[in-house]
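Have a look at the structure below before the remarks.
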Amino acid sequence: MSHPNALLSWRRVRALCIKETRQIIRDPSSWLIAVVIPLLLLFIFGYGINLDSSRLHVGVLVEQQNGDAIDFTHTISASPFIQPTISDNRQYLTQLMQAGKVRGLVVIPPDFNQQMARPGDTAPIQIITDGSEPNTANFIQGYMEGIWQIWQQQRAEDRGESFEPLIEVQTRYWFNPAAISRHFIIPGAITIIMTVIGAILTSLVIAREWERGTMEALLSTQITRTELLLCKLLPYYVLGMLAMALCMVVTIFIFDVPWRGSLLLLFITSSLFLLSTLGMGLLISTLTRNQFNAAQVALNAAFLPAIMLSGFIFQIDSMPAIIRAVTYIIPARYFVSTLQNLFLSGNVASIMIINTLFLAVAAVIFIGLTALTTKRRLD
Amino acid sequence: MFYRLWTLIRKELQSLLREPQTRALLIIPVLIQVILFPFAATLEVTNATIAIFDEDNGSHSVELTQRIAKASAFSNVLLLNSTAEITPVIDNQKALLVIRFPEHFSGNLAQLHPTTLNIVLDGRNSNSAQIAANYLQQIVKDYQQELVAGQPKINNSELVIRNWYNPNLDYKWFVVPSLIALITTIGILIVTSLSVTREREQGTLDQLIVSPLTTWQIFIGKAIPAQVVALAQASVVLAIGIWGYQIPFSGSLLLFYFTMIVYGFSLVGFGLLISTFCSTQQQTFIGVFVFMMPAILLSGYISPVENMPVWLQNITWINPIRHFTDITKQIYLKDADLGIIWHSLWPLLVIATTTGSAAYGLFRRKVT
Numbered sequence: 001m002s003h004p005n006a007l008l009s010w011r012r013v014r015a016l017c018i019k020e021t022r023q024i025i026r027d028p029s030s031w032l033i034a035v036v037i038p039l040l041l042l043f044i045f046g047y048g049i050n051l052d053s054s055r056l057h058v059g060v061l062v063e064q065q066n067g068d069a070i071d072f073t074h075t076i077s078a079s080p081f082i083q084p085t086i087s088d089n090r091q092y093l094t095q096l097m098q099a100g101k102v103r104g105l106v107v108i109p110p111d112f113n114q115q116m117a118r119p120g121d122t123a124p125i126q127i128i129t130d131g132s133e134p135n136t137a138n139f140i141q142g143y144m145e146g147i148w149q150i151w152q153q154q155r156a157e158d159r160g161e162s163f164e165p166l167i168e169v170q171t172r173y174w175f176n177p178a179a180i181s182r183h184f185i186i187p188g189a190i191t192i193i194m195t196v197i198g199a200i201l202t203s204l205v206i207a208r209e210w211e212r213g214t215m216e217a218l219l220s221t222q223i224t225r226t227e228l229l230l231c232k233l234l235p236y237y238v239l240g241m242l243a244m245a246l247c248m249v250v251t252i253f254i255f256d257v258p259w260r261g262s263l264l265l266l267f268i269t270s271s272l273f274l275l276s277t278l279g280m281g282l283l284i285s286t287l288t289r290n291q292f293n294a295a296q297v298a299l300n301a302a303f304l305p306a307i308m309l310s311g312f313i314f315q316i317d318s319m320p321a322i323i324r325a326v327t328y329i330i331p332a333r334y335f336v337s338t339l340q341n342l343f344l345s346g347n348v349a350s351i352m353i354i355n356t357l358f359l360a361v362a363a364v365i366f367i368g369l370t371a372l373t374t375k376r377r378l379d
Numbered sequence: 380m381f382y383r384l385w386t387l388i389r390k391e392l393q394s395l396l397r398e399p400q401t402r403a404l405l406i407i408p409v410l411i412q413v414i415l416f417p418f419a420a421t422l423e424v425t426n427a428t429i430a431i432f433d434e435d436n437g438s439h440s441v442e443l444t445q446r447i448a449k450a451s452a453f454s455n456v457l458l459l460n461s462t463a464e465i466t467p468v469i470d471n472q473k474a475l476l477v478i479r480f481p482e483h484f485s486g487n488l489a490q491l492h493p494t495t496l497n498i499v500l501d502g503r504n505s506n507s508a509q510i511a512a513n514y515l516q517q518i519v520k521d522y523q524q525e526l527v528a529g530q531p532k533i534n535n536s537e538l539v540i541r542n543w544y545n546p547n548l549d550y551k552w553f554v555v556p557s558l559i560a561l562i563t564t565i566g567i568l569i570v571t572s573l574s575v576t577r578e579r580e581q582g583t584l585d586q587l588i589v590s591p592l593t594t595w596q597i598f599i600g601k602a603i604p605a606q607v608v609a610l611a612q613a614s615v616v617l618a619i620g621i622w623g624y625q626i627p628f629s630g631s632l633l634l635f636y637f638t639m640i641v642y643g644f645s646l647v648g649f650g651l652l653i654s655t656f657c658s659t660q661q662q663t664f665i666g667v668f669v670f671m672m673p674a675i676l677l678s679g680y681i682s683p684v685e686n687m688p689v690w691l692q693n694i695t696w697i698n699p700i701r702h703f704t705d706i707t708k709q710i711y712l713k714d715a716d717l718g719i720i721w722h723s724l725w726p727l728l729v730i731a732t733t734t735g736s737a738a739y740g741l742f743r744r745k746v747t
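In the order they appear, the protein sequences are chains A and B. Read in order, the letters of the first sequence correspond to residues 1 to 379 in this note's numbering. Read in order, the letters of the second sequence correspond to residues 380 to 747 in this note's numbering.
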């Protein structure tokens, strides 16, 4: 120790880092957080969270069997997107709908073929959706309109007429041609995993030191504020980056999400994001000094906003102005956008520069606030 | 015997509510979530910016552009002047989608010749893009129907679309009932499991065990305060949902609270089970987290259970949150009776008994 009063002694930092690392390795719960949670979450987001309905369950009420009604039912059954339950019992289908076993009802009226045959009349087919699942309800509307159009086309062709819609809408999805929701959800999920590791693990660890009094013991030594922060940040930073690498491997090789961006940019932005969440975790634990409360705060201040306000699944543009304003101070927002771009569209300069800048600011603010609130003295 | 139980419950509630910081943490997050989430958690598309590249500039393309601009989903419309502008607009996420009217669009329509309309969508958020495309298709379809109004129809059939339980497909109506399930879950799991391990860490659990209280009394003593906290939190959310968000409660309140208590016990079982495996609060918290996070994500709150692969749907049977979010929506929005609720209620009863008795057995074994 050449300069006992220096701001930073690498020897002390190294010693403390080694101690901290040993503690991490020894504690089974940190393994749980660094390995089991990332894999579990990726697995859930890869298989469980799916906005693309594969086969929608729909009840078809045919109150009277007649040619036209049966014809339309056949078209529904032929659709690869719909799994129909055909019945003539209205009450039974209503109960299925209440229980959520079907997400929509198609009601073909009893005198459907008479209405179809009478010139100038209308033959309404009622589509009833289950509004308690609005997203699915939207898809049912879309699919049923498609099926109805196919049916009309078939009828026209049966009579030898040609039927083409006047305006044919052609859609093309860039970056994600098959419109697979997994491709944008998994990059978002990585953000949540990093938030869990950064904020929740550290907030608990430091709060425990406060509760057990080991923090006071540490503060009574020669350690400086910078050293204290460094030895708490570095080991968890390494842990977080390892988890990040694990996530990347699983995402690209197991879930087949395309990777189009630069790895260097990924490294820089993940480091910044990780530092900001670690900073947040440290700040929470320094302020609460109690594991129970630190856990609660970390859940509500870091984890839930990362899910709800980061735009990884819920579109930020659709939120009211005040909430949109709130999302600007959430670091996860920038990291989600960065990852979605790096995975799907490559390096888009304008987006990357803004995101990196905001992530850097967030990291500085959270670590700075922690430094300010960590006092060398005990109150 | 009941007097002993009563004193234990009182002591638990006191130790839970003694500290102002802890008290605040039991209610403030609930308020934040109930105010923020219904507005934030939406898969609707509103305020989106779209771009239009009009190579036609005829009467029909201008008319359609105006109709699209009026739609509430699209608040901003950028007009592009060349093909070269399309790529940067999408790449930089300036617009969710670009509509391209081809040349002769109006000319073809004037003669009632079929024509095309191209839409380029940002696949980085394919769900929103798909919903926005649905809106556009609706607008185009309506316009087309007006154009052919005078022409003979192919046949008489027409589609009439209605939405039950939530006529305007308002996402808030979906979020608030689910939020009741979500918030009570966090409350119950954390209160039960952490209160056991905290006592274990502090050594007071041994004192409790050597007291005349039996194991099941200790369990009940831990369960009731958690239930009280959860019921209070749920009532706050329910009140804000009914009076704040004006979402009508169509079912039976009595049935609702009854199912909530059953749900509470199924979670208490999980909470106690987790705490018997853990020796420190940190481990418990992580244990709760590892259980709760997948359980919430796979409950149907973020995306419907029926979209999952079948084997995963079968696994979610043991997830109490999944059954309870179903129940909350069934009672709150659909006015379902006990006969329908029962499909989701009996799994909860099975889960509560299984986890409760497993925790009981493990707890007894650890003591002796």
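Ideal placement from N, C-alpha and C gives every residue a C-beta, glycine not left out.
| I388 (chain B): which of B:I565, B:Q660, B:K601 and B:L712 sits nearest, CA to CA? | B:K601
| query | At a Cβ cut of 7 angstroms, what residues of the stretch 342–373 of chain A count as close to chain B, listed as they run along the chain? | reply | L344, S345, V348, S350 and I351
| What's the call for L380 (chain A), buried or exposed, on a 16-neighbour Cβ count within 10 Å? | Nothing about residue 380 (chain A) can be reported from this structure: the residues present for chain A run from 1 to 379 only.
| With a CB to CB cut of under 7 angstroms and the five nearest residues on each side skipped, what residues in its chain are close to L396 (chain B)? | R402
| query | For S451 (chain B), which of helix, strand or coil comes out of DSSP? | reply | coil
| Where I323 (chain A) and L422 (chain B) are concerned, what is the direct C-alpha to C-alpha distance, given to the nearest angstrom? | 15 angstroms
| query | Around the C-beta of L16 (chain A), are 16 or more other C-beta atoms found within 10 angstroms, so that it is buried, or is it exposed? | reply | buried
| request: Keeping to the same chain, check which residues put their C-beta closer than 6 angstroms to that of I49 (chain A); ignore five residues upstream and five downstream. | output: I185
| message | So G281 (chain A) and T202 (chain A) are supposed to be a Cβ contact under 8 angstroms. How far apart are they, rounded? | response | 3 angstroms
| message | Does the stretch 687–707 of chain B come into contact with the stretch 717–727 of chain B, if we say contact requires no fewer than three beta-carbon pairs (one atom in each stretch) closer than 8 angstroms? | response | yes
| said: Just to make sure I have the definition right: I need the residues of chain A whose C-beta is within less than 7 angstroms of the C-beta of Q516 (chain B). Which are they? | reply: V169
| When the Cα atoms are used, what is the spatial distance from F416 (chain B) to V257 (chain A)? | 29 angstroms
| Whose C-beta lies closer than 6 angstroms to the C-beta of A302 (chain A) among residues of the same chain, with five residues either side of it excluded? | T195, A199 and M280
| message | Within a Cβ cutoff of 6 angstroms, which residues of the same chain sit near S275 (chain A), ignoring the five residues on either side of it in sequence? | response | Looking at the sequence provided, one finds Leu at residue 275 (chain A) rather than Ser. Cβ neighbours of L275 (chain A) beyond the five flanking positions: A363.
| query | Considering only the beta carbon of each residue, do N290 (chain A) and E227 (chain A) sit closer than 8 angstroms? | reply | no
| message | With distance defined between alpha-carbon atoms, name the residue in B:T638, B:F668, B:T733 and B:T734 nearest to W721 (chain B). | response | B:T638
| said: I'd like the list of long-range same chain contacts for I351 (chain A), defined as Cβ closer than 7 angstroms, with 5 residues on each side in sequence excluded. | reply: S337 and N341
| Of the residues B:Q523, B:S505 and B:K713, the one placed nearest I763 (chain B), counting alpha carbons only | As shown, chain B starts at 380 and ends at 747. That puts residue 763 (chain B) outside it, with no answer to give.
| Does the distance from the C-beta atom of A298 (chain A) to that of T191 (chain A) stay below 8 angstroms? | no
| field | Residues near P556 (chain B) in its chain [Cβ-Cβ closer than 7 angstroms; skip 5 each side] | value | T707, K708, Y711 and L712
| message | Output needed for V615 (chain B): all residues of its chain with C-beta closer than 8 angstroms, excluding positions within five of it in sequence on either side, in chain order. | response | I406, V409, L410 and V413
| Taking DSSP as the reference, what is the three-state secondary structure of G643 (chain B)? | helix
| task | Let me know if M380 (chain B) comes out buried or exposed under the rule of 16 or more other beta-carbons within 10 Å of its beta-carbon. | result | exposed
| said: Buried or exposed, going by whether 16 or more other CB atoms sit within 10 Å of the CB of T571 (chain B)? | reply: buried
| Does the distance from the CB of F670 (chain B) to the CB of I653 (chain B) come in under 8 angstroms? | yes
| query | Applying the criterion that 16 or more other CB atoms from any shown protein chain within 10 Å of the CB defines a buried residue, is R208 (chain A) buried or exposed? | reply | buried
| Which parts of the stretch 613–674 of chain B are runs of the beta strand (DSSP E), unbroken and 3 residues or longer, counting only runs that do not cross its ends? | none
| query | Would you say I127 (chain A) reaches chain B, if we count a Cβ-Cβ gap shorter than 8 angstroms as a contact? | reply | yes
| said: Can you find the residues in the same chain that come closer than 8 angstroms, C-beta to C-beta, to L56 (chain A), ignoring five residues on each side of it along the sequence? | reply: F81, I82, Q83, R103, G104, T136, F139, I140 and Y143
| said: Would D130 (chain A) pass as an interface residue toward chain B - the criterion being a Cβ-Cβ separation below 8 angstroms? | reply: yes
| request: Over the uninterrupted beta strand (DSSP E) stretch that includes R748 (chain B), give me the two end residues. | output: With chain B running from 380 to 747 in the structure shown, residue 748 (chain B) is simply not present.
| query | Using DSSP with H/G/I as helix, E/B as strand and the rest coil, what is I351 (chain A)? | reply | helix
| Same chain, Cβ closer than 7 angstroms to N698 (chain B), five either side skipped, listed in chain order | A674, L677 and S678
| task | Identify the contact partners of L676 (chain B) in chain A, using a Cβ-Cβ distance below 7 angstroms as the criterion. | result | I44, G48 and I49
| Any idea if E391 (chain B) is buried or exposed, counting beta-carbon neighbours within 10 angstroms, 16 or more meaning buried? | buried
| Considering only C-alpha positions, which residue in the set A:K101, A:A294, A:Q153 and A:D317 is nearest to S451 (chain B)? | A:D317
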